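Working notes, structure below.
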Amino acid sequence: MAIKKTIVILCIIIGPLSLVSSAQTCKNYIFSEKRGFNSCADLPVLQAYLHWNYNSTSETIHVAYRANQTPRGWIAWGINPTGSGMVGTQALVAFQDLNGNMKAYTTQISSYNPEMKPQPLSFPVLELSAEYLNEEMIISAVLGPLSNGTTFNIVWQAGNAVSNDIPQSHPHFGPYVRSAGTLDFLSL
Ligand SMILES: *[C@@H]1O[C@H](CO)[C@@H](O)[C@H](O)[C@H]1NC(C)=O
Ligand SMILES: *[C@@H]1O[C@H](CO)[C@@H](O)[C@H](O)[C@H]1NC(C)=O
């Protein structure tokens, strides 16, 4: 009897979980507003996804970066035009501010201990916005014109705490140090 009960409970737990994980791909995601993105990528760590439209005429990219996060945390995504790691990243940052509203701004990550203060990037950024929906933070913006082709080093990050509207240092292990890669905006 005891063994049978255990098996039944295991099936109940495993069933719904496997359904959820198979649904977690960027291709199935529908944005709340009428925003269509033609391309997307499931990023390998931090439960993060990038959606975009690349306009080759204007060399601009409309991006939406979304990632699992608690209301107290922060997310960031950016392009690093000068290197492959954190330093040099032209970043978009989002979190809930002291009033509980989602706030988004741009900042340059110029050291391993960045100030995280709002600052313009090395390329133009328009239509920057952020929202919190279904336990995810989403930042979107139009970036560019971007010179240097369509392949960029991208870097993303998440942290657990924001203090006085300043994102605090992120953890320094596992997924938090593997959150970088290369993406060709024409590849998908
Ligand atoms: C791409 O950019 C060009 C130049 O700004 C614009 O005329 C065109 O409508 C854009 N295409 C799309 C699909 O947004
Ligand atoms: C293009 O490359 C140059 C030299 O590496 C760099 O300084 C510049 O920021 C890059 N621009 C973009 C938009 O990536």
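So in the UniProt record's numbering, the last one in the sequence shown is 188, and the numbering has no gaps at all. For each residue, glycine too, the CB sits at the ideal point set by N, CA and C. Bear in mind the structure is a predicted one, so any value in this text is a computation, not a measurement.
Identify whether Asn148 lies in helix, strand or coil by the three-state DSSP scheme.
-> For the purposes of this step, residue 148 is taken as the residue at position 148 of the sequence shown. Reduced to three states, the DSSP call for Asn148 is coil.
Residue environment, Pro171, which counts as buried when at least 16 other CB atoms sit within 10 Å | On the sequence shown, residue 171 is found 171 positions in, with the first residue counted as 1. Its Cβ having fewer than 16 others within 10 Å, Pro171 is exposed.
Straight-line gap, Leu41 to Asn113 (C-alpha atoms, nearest Å) | Mapped onto the sequence shown, residue 41 falls at position 41. Mapped onto the sequence shown, residue 113 falls at position 113. Looking at the sequence provided, one finds Ala at residue 41 rather than Leu. Going by the C-alpha atoms only, they are around 28 Å apart.
So, Arg66 versus Tyr49, is the Cβ gap smaller than 8 Å?
-> Along the sequence shown, read from residue 1 onward, the residue named residue 66 stands at position 66. Along the sequence shown, read from residue 1 onward, the residue named residue 49 stands at position 49. Yes, the Cβ-Cβ distance between Arg66 and Tyr49 is below 8 Å.
Does the stretch 125 to 144 come within contact of the stretch 96 to 110, defined as at least 3 CB pairs closer than 8 Å?
-> yes
For Val45, name the three-state secondary structure that DSSP assigns.
-> On the sequence shown, position 45 is the one that residue 45 refers to. Coil, per DSSP.
With DSSP as the reference, label Tyr176 as helix, strand or coil.
-> Along the sequence shown, one-based indexing puts residue 176 at 176. Correct three-state label for Tyr176: helix.
For Thr107, write down the residues that DSSP places opposite it in a beta bridge.
-> Position 107 of the sequence shown, counted from the start, is the residue given in the question as residue 107. As DSSP reads the structure, Thr107 sits in a beta bridge with Ala91.
Near Phe37, what residues of its chain come up, given a Cβ to Cβ distance below 7 Å and the 5 sequence neighbours on each side ignored?
-> Start at 1 with the first residue of the sequence shown, and residue 37 comes out as number 37. Hits under 7 Å: His51, Trp52, Asn53, Ala64.
Any heavy atom of ligand 1 closer than 7 Å to the Cβ of Asn28?
-> Within the sequence shown, numbered from 1, the residue matching residue 28 stands at position 28. The beta carbon of Asn28 sits no closer than 7 Å to any heavy atom of ligand 1.
Rounded distance between the beta-carbons of Arg178 and Val87, thought under 8 Å | The sequence position of residue 87 within the sequence shown is 87, counting from 1. The sequence position of residue 178 within the sequence shown is 178, counting from 1. No, Val87 and Arg178 are not in contact; Cβ-Cβ is about 16 Å, not under 8 Å.
So is Thr89 buried or exposed if we call it buried at 16+ other beta carbons inside 10 Å?
-> Within the sequence shown, the letter at position 89 stands for residue 89. Answer is buried; the Cβ neighbour count reaches 16.
Residue interval of the beta strand (DSSP E) (run including His62) | Numbered from its first residue, the sequence shown carries residue 62 at position 62. Per DSSP, His62 belongs to the beta strand (DSSP E) from 60 to 68.
Closer than 7 Å: Ser58 CB and nearest ligand 1 heavy atom | Indexing the sequence shown from 1 puts residue 58 at position 58. Yes, since a heavy atom of ligand 1 falls inside the 7 Å radius drawn around the Cβ of Ser58.
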